[in-house]
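A.B. asks: Under the working numbering, the residues of the sequence shown are numbered 2 to 253, in order.
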Amino acid sequence: MIAFISDIHANLAALNAVLADIDSLGTVERIFCLGDVVGYGPQPRECIDLVASRCKLILMGNHEHALLYGAYGFHAAAKRAIDWTRDTLQKVQPVAQRKAILELLQNLPIRHELGDLLLVHGSPRDPVMEYVLESDLWEGADPDKMDSIFAGFQRLCFVGHTHRPGVFTADRCFLPAGDLEDGFDVSDGKYLVNVGSVGQPRDRNPRACYTLYSGQAVYFRRVAYDIEDTAGRVREVEALDKRFADRLFRGE
Numbered sequence: 002m003i004a005f006i007s008d009i010h011a012n013l014a015a016l017n018a019v020l021a022d023i024d025s026l027g028t029v030e031r032i033f034c035l036g037d038v039v040g041y042g043p044q045p046r047e048c049i050d051l052v053a054s055r056c057k058l059i060l061m062g063n064h065e066h067a068l069l070y071g072a073y074g075f076h077a078a079a080k081r082a083i084d085w086t087r088d089t090l091q092k093v094q095p096v097a098q099r100k101a102i103l104e105l106l107q108n109l110p111i112r113h114e115l116g117d118l119l120l121v122h123g124s125p126r127d128p129v130m131e132y133v134l135e136s137d138l139w140e141g142a143d144p145d146k147m148d149s150i151f152a153g154f155q156r157l158c159f160v161g162h163t164h165r166p167g168v169f170t171a172d173r174c175f176l177p178a179g180d181l182e183d184g185f186d187v188s189d190g191k192y193l194v195n196v197g198s199v200g201q202p203r204d205r206n207p208r209a210c211y212t213l214y215s216g217q218a219v220y221f222r223r224v225a226y227d228i229e230d231t232a233g234r235v236r237e238v239e240a241l242d243k244r245f246a247d248r249l250f251r252g253e
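1) When DSSP labels each residue in this structure, what does Ile23 get in the three-state scheme?
2) Taking all protein chains shown into account, decide if Phe221 is buried (16 or more other Cβ within 10 angstroms of its Cβ) or exposed.
3) For Leu134 and Met147, which I take to be in contact (beta-carbon distance under 8 Å), what is that distance rounded to the nearest angstrom?
4) Please report the straight-line C-alpha distance between Ala21 and Ala209, rounded to a whole angstrom.
5) Find out if the Cβ-Cβ distance for the pair Gly161, Asp37 is shorter than 8 Å.
6) Find the nearest neighbour of Gly167 within the set Arg99, Ala178 and Arg173, judged by alpha-carbon distance.
7) What is the C-beta distance between Asp8 and Ser198, in whole angstroms, given that I count them as a contact (C-beta under 8 Å)?
8) Does the Cβ of Ala97 have 16 or more other Cβ atoms within 10 Å, making it buried, or fewer, making it exposed?
9) Once the 5 residues before and after Arg112 are set aside, which same chain residues still bring their CB inside 6 Å of it?
10) Quick one: what's got a C-beta closer than 7 Å to Arg87's C-beta in the same chain, skipping five residues either side?
11) Per DSSP, what kind of secondary structure is Phe151 in: helix, strand or coil?
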């Protein structure tokens, strides 16, 4: 069994809860992180350290990219969070640990192939930045976008980025994770799977989300965690918008 986590966003309480759930299963052999360990949340260093120690692979998300190269295109509150995260990590002591964090971030890959699986943060076309949204299936959307995306991988593609878990099918359907409580068979066909967000879900379910892959099916796991703990820590940091705390309770 493989576990996919993504979009932790410096939410240590959620990350700890997810890892505890993974450990409780006793069947997960590897954990892959699809990016956005940082951003929005109050504990970036702790989350980086824990993900680095537990995950087989960490991909670069758009928030790691913003941390390294500038938060271009980010709204003002998200940019302030990135600036605060950068300042926080630049104060890590001892210096050797600070350098190790920087080296880790600078060397994050943007994509990874695992047999006939493709792992990216965003999409096969733009592994770091592009969103694959339910609205891409609506009337009036770019008719070529989904065809181009599905042409970019062999059989299964696992993504994060939107914080909205579910399965996109090759025949232009989206199956939200909430409708797939018993899992979804991916052994026959071609699918793009959004693994959801550990630290900031946006599907109106505030519980942390991650995804298991058995080789035959995907299973979306929801894990309760101490939202008040994370929200309180967000509120204590002047540079972090208090809306980043409030939205955790609503899952949006």
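Cβ coordinates follow ideal geometry from the N, Cα and C atoms, glycine included.
C.D. replies: On the basis of the coordinates in this document:
1) helix
2) buried
3) Rounded, the Cβ-Cβ distance is 10 Å, inconsistent with contact.
4) 12 Å
5) yes
6) Ala178
7) 4 Å
8) exposed
9) Val121 and Pro128
10) Leu68
11) helix
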